[in-house]
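Structure first, commentary second.
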Amino acid sequence: MRNKVILVHPKIQFEANYPCSWIPYSVLSFAGKIIKENSVEVIIFDENRKTEEQFREILLKEKDDILCVGFSIMTGGGQISCALKLTDLVKRIDKTIPIVYGGTHVNVLAMQTLQYKYIDFVLKGPGQNSFHKFIEALKGNLDFSEVPGLLGKQNGEIVVGKENHLQPNSLSEYDFSLVNIEDYVQYDSTISDRTINYIASQGCVYSCRFCYETNYKHKYSKLPEDIVTRDIECFIDNYGINGIKFYDADWFVDISRSKRLIDKIQTYNINWAASINPQDILRSIKNNINLLKTLNESGCKRLLMGMESGSNRVLNQIVNKNITKEDAYKVAKLISDYGILGSYTFIVGYPGETEREQNETFEFVQRLWELDVRPETKVHIYLPYPGTALYNEAIERGFVPPDRLEDWSRFDYYKAMTPWTDENLEKRLHEFTSLIPKNLS
Numbered sequence: 010m011r012n013k014v015i016l017v018h019p020k021i022q023f024e025a026n027y028p029c030s031w032i033p034y035s036v037l038s039f040a041g042k043i044i045k046e047n048s049v050e051v052i053i054f055d056e057n058r059k060t061e062e063q064f065r066e067i068l069l070k071e072k073d074d075i076l077c078v079g080f081s082i083m084t085g086g087g088q089i090s091c092a093l094k095l096t097d098l099v100k101r102i103d104k105t106i107p108i109v110y111g112g113t114h115v116n117v118l119a120m121q122t123l124q125y126k127y128i129d130f131v132l133k134g135p136g137q138n139s140f141h142k143f144i145e146a147l148k149g150n151l152d153f154s155e156v157p158g159l160l161g162k163q164n165g166e167i168v169v170g171k172e173n174h175l176q177p178n179s180l181s182e183y184d185f186s187l188v189n190i191e192d193y194v195q196y197d198s199t200i201s202d203r204t205i206n207y208i209a210s211q212g213c214v215y216s217c218r219f220c221y222e223t224n225y226k227h228k229y230s231k232l233p234e235d236i237v238t239r240d241i242e243c244f245i246d247n248y249g250i251n252g253i254k255f256y257d258a259d260w261f262v263d264i265s266r267s268k269r270l271i272d273k274i275q276t277y278n279i280n281w282a283a284s285i286n287p288q289d290i291l292r293s294i295k296n297n298i299n300l301l302k303t304l305n306e307s308g309c310k311r312l313l314m315g316m317e318s319g320s321n322r323v324l325n326q327i328v329n330k331n332i333t334k335e336d337a338y339k340v341a342k343l344i345s346d347y348g349i350l351g352s353y354t355f356i357v358g359y360p361g362e363t364e365r366e367q368n369e370t371f372e373f374v375q376r377l378w379e380l381d382v383r384p385e386t387k388v389h390i391y392l393p394y395p396g397t398a399l400y401n402e403a404i405e406r407g408f409v410p411p412d413r414l415e416d417w418s419r420f421d422y423y424k425a426m427t428p429w430t431d432e433n434l435e436k437r438l439h440e441f442t443s444l445i446p447k448n449l450s
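If you read the sequence shown in the working numbering, its first letter stands for residue 10, the second for the next number, and so on.
As structure tokens, then:
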């Protein structure tokens with residue numbers, strides 16, 4: 010019986026100066042679980058670290074034992090085109106190998122994804138809830154209709170599984186033996202010379218109208234604290250890691266949990282960084298918690314924060330950020346006062362945004378540059394992501410979305426792709442992108 014599962018993290022084609030060789034948590038998040046529960050052998054193929062030819066060699070070597078090949082895809086970044094190329098390769102080698110797709114793009118466009126000629130199944134929603142049951146269905150031990158989030162092609166019919174939503178405390182521990190950790194150790198000028206990424210939670214409780222995270226319906230799931238600290242200790246003891254970059258959507262959703270983890274991190278004597286929402290800091294101030302002092306003392310070197318706009322109308326009527334630009338500046342100044350590097354992202358080109366409001370954002374960025382600790386700033390151009398609250402509004406204003414998976418492969422969030430944005434705006438963004446030079450202070 011076939012007993013090997015290949016999980017593919019297709020290449021992401023970010024900007025040339027962006028280091029994107031991080032641990033592929035999109036597939037690692039459920040790989041360990043299916044090894045334990047399904048008694049299968051898992052091979053993780055990360056195209057950011059390996060070549061198409063190496064993928065071909067794996068397929069040729071293992072084809073008689075492959076139970077399925079799974080792909081995780083997101084919208085944009087060129088990942089879809091890379092996934093399709095590898096999918097076609099699988100079917101050329103053995104058309105009987107089942108292909109299954111999942112990931113953020115599939116979560117909102119499952120049926121459209123399934124329509125691609127070589128995709129046999131898609132899994133909508135968190136993979137940790139569904140992939141182990143999908144394996145049992147492939148083995149004949151479970152009906153496909155019992156698999157959460159499944160859509161599949163069977164005998165000319167479409168089979169539909171159960172609903173699959175993010176559940177609290179549903180994250181599975183990672184099996185890091187499936188990847189070569191050393192491949193993902195990064196020199197990060199803002200953190201340390203041996204930095205690794207880590208994801209300790211999934212989902213977000215906020216409601217920004219442009220953001221994919223809203224597809225989780227404000228659900229939030231987190232790894233147990235003892236697993237998080239165990240993994241960090243493993244990185245330190247076995248790989249000499251001296252920096253951790255938490256890639257959670259918002260690491261500070263649960264402030265009490267964050268404080269307990271910070272206390273533990275402080276004992277490791279390492280540097281670290283994480284993403285945070287401005288409201289997390291405002292909430293801590295309201296509750297008389299000096300969060301930034303704690304962060305400064307614990308080795309936190311950098312906070313990534315989506316500020317989104319320098320216009321109050323855009324922040325609240327378009328984005329639903331529930332802060333003012335005065336709030337955002339107050340937070341940024343406090344971060345600077347505590348000697349922490351702020352890394353702030355903005356978006357211009359929202360549907361309904363005026364040129365004057367775009368200029369307000371550029372002016373706000375310049376104001377931030379005057380802080381004592383000059384922050385990193387990155388201004389993106391708005392693109393309509395399917396499933397988000399602004400998506401239909403963008404369509405109403407003339408955006409024509411792709412109607413095939415193949416066409417989504419050309420969706421590029423560094424390019425002007427809506428009728429109300431153009432190359433001139435695209436070029437202007439680069440003037441307001443200010444990243445820290447590549448040297449450790």
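Cβ coordinates follow ideal geometry from the N, Cα and C atoms, glycine included.
Asked, Found
"First and last residue of the uninterrupted alpha helix (DSSP H) at Phe244", "Glu234 to Tyr248"
"Residue of Lys13, Ala283 and Pro107 minimising C-alpha distance to Lys70", "Lys13"
"The segment 428 to 438 / the segment 260 to 272 touching (three or more Cβ pairs under 8 angstroms)", "no"
"Per-residue DSSP class, three states only, for Ala209", "coil"
"Whole-Å CB distance - Leu95 paired with Glu61, under 8 angstroms assumed", "7 angstroms"
"Run of the alpha helix (DSSP H) containing Arg8, from where it starts to where it stops", "Here the chain has residues from 10 to 450 only, and residue 8 is not among them."
"Three-state secondary structure (DSSP) of Tyr34", "helix"
"Start and end residues, beta strand (DSSP E) containing Val357", "Leu350 to Val357"
"Selected residue, minimal CA-CA separation from Val340, among Ser293, Thr370, Val357 and Glu364", "Ser293"
"Span of the alpha helix (DSSP H) around His174", "Where His174 is concerned, there is no enclosing alpha helix (DSSP H), given that its DSSP letter is neither H nor E."
"Per DSSP, the bridge partner or partners of Thr204", "Gln195 and Gly252"
"Collapsed DSSP secondary structure at Leu444 in the structure displayed", "coil"
"Rounded separation between Lys162 and Asn173 - CA only", "19 angstroms"
"Cβ neighbours of Asp74 in the same chain (closer than 7 angstroms, five flanking residues each side left out)", "Arg11, Asn12 and Lys13"
"Three-way DSSP call (helix, strand, coil) for Asn280 in this model", "strand"
"Own chain, CB closer than 7 angstroms to Phe371, minus 5 neighbours either side, in chain order", "Phe441"
"Under the three-state DSSP convention, the category Met120 falls into", "helix"
"Inter-residue spacing [alpha-carbon to alpha-carbon] between Thr402 and Leu414", "In the sequence under discussion, the amino acid at residue 402 is Glu, which differs from the Thr named in the question. Looking at the two C-alpha atoms, the distance is approximately 21 angstroms."
"Where His262 sits in the DSSP three-state scheme", "With the sequence shown as reference, residue 262 is identified as Val, and His is not the correct amino acid for it. Correct three-state label for Val262: coil."
"Beta-ladder partner(s) of Phe373, from DSSP", "Paired residue(s): none; Phe373 is not in a bridge."
"Three-way DSSP call (helix, strand, coil) for Glu335 in this model", "helix"
"Where the beta strand (DSSP E) through Phe185 begins and ends", "Where Phe185 is concerned, there is no enclosing beta strand (DSSP E), given that its DSSP letter is neither H nor E."
"Residue closest to Lys148, alpha-carbon to alpha-carbon, out of Pro107, Gly112 and Gly111", "Pro107"
"Limits of the unbroken alpha helix (DSSP H) element including Lys100", "Gln88 to Ile102"
"Residues bridged to Leu16 [DSSP beta-bridge criterion]", "Ile53 and Gly79"
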